[in-house]
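Have a look at the structure below before the remarks.
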Amino acid sequence: MGLLANISGKDALKAFAKLGYKLDHQTGSHMIIIHDSRATLSVPNHKELAPGLLRGLIRKSGFTVEEFMRYM
Numbered sequence: 194m195g196l197l198a199n200i201s202g203k204d205a206l207k208a209f210a211k212l213g214y215k216l217d218h219q220t221g222s223h224m225i226i227i228h229d230s231r232a233t234l235s236v237p238n239h240k241e242l243a244p245g246l247l248r249g250l251i252r253k254s255g256f257t258v259e260e261f262m263r264y265m
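Convert by adding 193 to the 1-based position in the sequence shown; the result is the number in this note's numbering.
Below you can see the structure in the form of structure tokens.
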């Protein structure tokens, strides 16, 4: 299994929170998180996120996968 397999939206939100993101609001099944100096992200609130989607969110945030995984 890959590094980003079996990670839920809530788990991803917790890791992004440790990296300085805050939950702004939720619209349907998508949680909108904001950071003072980085891109705003829309994280799906699903039981399991596709690895490609999660990798894209991490890239958009400006962090590396390794940095993100330290906070999982």
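The C-beta atom is built at its ideal place from N, Cα and C for all residues, glycine as well.
This structure is a prediction, so every number in the text was calculated from the model and none was measured.
> With a CB to CB cut of under 7 Å and the five nearest residues on each side skipped, what residues in its chain are close to Met-194?
Replying inline: Along the sequence shown, read from residue 1 onward, the residue named residue 194 stands at position 1. Residue placement at Met-194 is flagged as unreliable, the pLDDT there being 48, under the threshold of 50; the coordinate-derived value follows with that caveat. There are no such residues.
>> With a threshold of 8 Å on Cβ separation, who are the neighbours of Asp-204 within its own chain once the five nearest residues in sequence on each side are excluded?
In response: Here residue 204 is taken as the residue at index 11 of the sequence shown, counted from 1. Contacts found: Met-265.
> DSSP state of Ser-235, grouped into three classes?
Replying inline: Here the question's residue 235 lines up with position 42 in the sequence shown. Three-state result, Ser-235: strand.
> Given that a residue counts as buried once 16 or more other Cβ atoms are within 10 Å of its Cβ, and exposed if not, what is Ala-210?
Replying inline: Here residue 210 refers to the residue found at position 17 of the sequence shown. So Ala-210 counts as exposed.
>> Here's the rule I'm using: 16 or more other beta-carbon atoms within 10 Å means buried, otherwise exposed. How should Ala-198 be labelled?
In response: Reading the sequence shown from its first residue, position 5 is the one you call residue 198. Exposed.
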